[in-house]
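Numbering (the UniProt record's numbering), first residue to last: 1 to 256. Quick reminder that beta carbons are idealized off the backbone N, C-alpha and C, glycines included. Report on the following structure.
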């Protein structure tokens with residue numbers, strides 16, 4: 001009842017102020033602190049997924065170099081080989097398609113059309129999911145290809161393909177576990193500095209570059225962020241390049 005009276009009184013005051021022509025100034029809503037439990041939950045969830053993927057990566061390595069333990073070999077059933085080929089093609093296509101879209105299409109479109117802080121916050125939610133997806137696909141690709149072409153009986157070219165797939169897996173895991181968390185943390189620190197300077201809601205880098213010329217703190221944070229983000233981008237490009245080389249191998253062996 002008290003809340004209803006307060007809302008009625010507030011509406012009367014606003015109507016009176018609007019009739020008198022005076023500007024209406026409302027207090028800013030208080031900043032809501034982030035729930036530490038939700039932050040802890042996200043960190044625990046991230047740590048669990050990273051450990052799970054690391055375990056899957058070691059499993060993939062074991063499958064590559066000790067396939068006999070898992071029943072892989074020249075006498076593998078035809079239906080199992082066919083299933084492994086389907087898994088490999090689906091996982092590889094998903095991995096390469098996601099990398100192509102995020103790296104060269106989706107990310108560029110979002111950067112050119114979203115305010116920079118909105119773009120950064122969206123990327124901080126999307127990148128962990130993206131690198132988790134491509135890491136899982138890389139594990140499936142390695143295991144399936146190693147089942148079809150066991151290391152001991154594989155030709156030199158097939159061994160090279162296994163190495164390229166393992167490289168893609170390693171680069172994706174390094175991004176998921178090391179570079180992406182560091183990049184997100186530095187991005188949040190830079191966003192805080194930029195909010196204090198009343199920049200960051202524009203599209204593009206223009207205001208950041210201008211203000212950084214006269215603000216040493218922002219310039220130093222730009223350098224740190226650029227270094228970590230550059231390493232993350234390099235790892236992503238290297239993973240994409242490894243997949244591109246493998247796609248050439250597949251194209252030369254698929255009969256359409």
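Going by DSSP in three states, residue i sits in which element: helix, strand or coil?
| i | result |
| --- | --- |
| residue 267 | What is shown of the chain runs 1 to 256, which leaves residue 267 out entirely. |
| residue 202 | coil |
| residue 208 | helix |
| residue 162 | helix |
| residue 180 | helix |
| residue 272 | With the chain running from 1 to 256 in the structure shown, residue 272 is simply not present. |
| residue 132 | helix |
| residue 151 | coil |
| residue 121 | helix |
| residue 188 | helix |
| residue 224 | helix |
| residue 236 | helix |
| residue 215 | coil |
Going by CA-CA distance only, name the one from the options that's closest to residue i.
| i | options | result |
| --- | --- | --- |
| residue 239 | 217, 86, 166, 78 | 166 |
| residue 171 | 208, 106, 237 | 237 |
| residue 185 | 208, 168, 124 | 124 |
| residue 212 | 227, 190, 228 | 190 |
| residue 224 | 188, 110, 93, 105 | 188 |
| residue 269 | 111, 106, 112 | No answer is possible for residue 269: the residues shown for the chain start at 1 and end at 256. |
Short of 8 Å in beta carbon distance, which residues of its chain neighbour residue i, apart from the five on each side in sequence? Order them along the chain.
| i | result |
| --- | --- |
| residue 162 | 64, 142, 145, 146, 149, 151, 154 |
| residue 257 | No information on residue 257 is available, as it lies outside the stretch 1 to 256 that the chain covers here. |
| residue 114 | 122, 203 |
| residue 174 | 235 |
Of all the CB atoms in chain B, is at least one closer than 8 Å to the CB of residue i?
| i | result |
| --- | --- |
| residue 179 | The structure shown contains no chain B; it holds only a single protein chain. |
For residue i, which residues from the same chain have a beta carbon less than 6 Å from its beta carbon, with the 5 sequence-adjacent residues on both sides left out?
| i | result |
| --- | --- |
| residue 183 | 228, 229, 232 |
| residue 207 | 199 |
| residue 265 | Since the first residue shown for the chain is 1 and the last is 256, residue 265 is missing from the structure and cannot be characterised. |
Can we say the segment 158-165 touches the segment 115-130, given the rule of at least three CB pairs closer than 8 Å? no
Count the CB pairs spanning the segment 231-242 and the segment 179-197 that are closer than 8 Å, and state whether there are at least three. yes
Segment contact, 8 Å Cβ cut-off, at least three pairs: the segment 122-135 with the segment 201-217: no
Kindly provide the ranges of any alpha helix (DSSP H) runs that are 4 or more residues long and lie completely inside the segment 68-114, ordered along the chain. 78-101, 107-113
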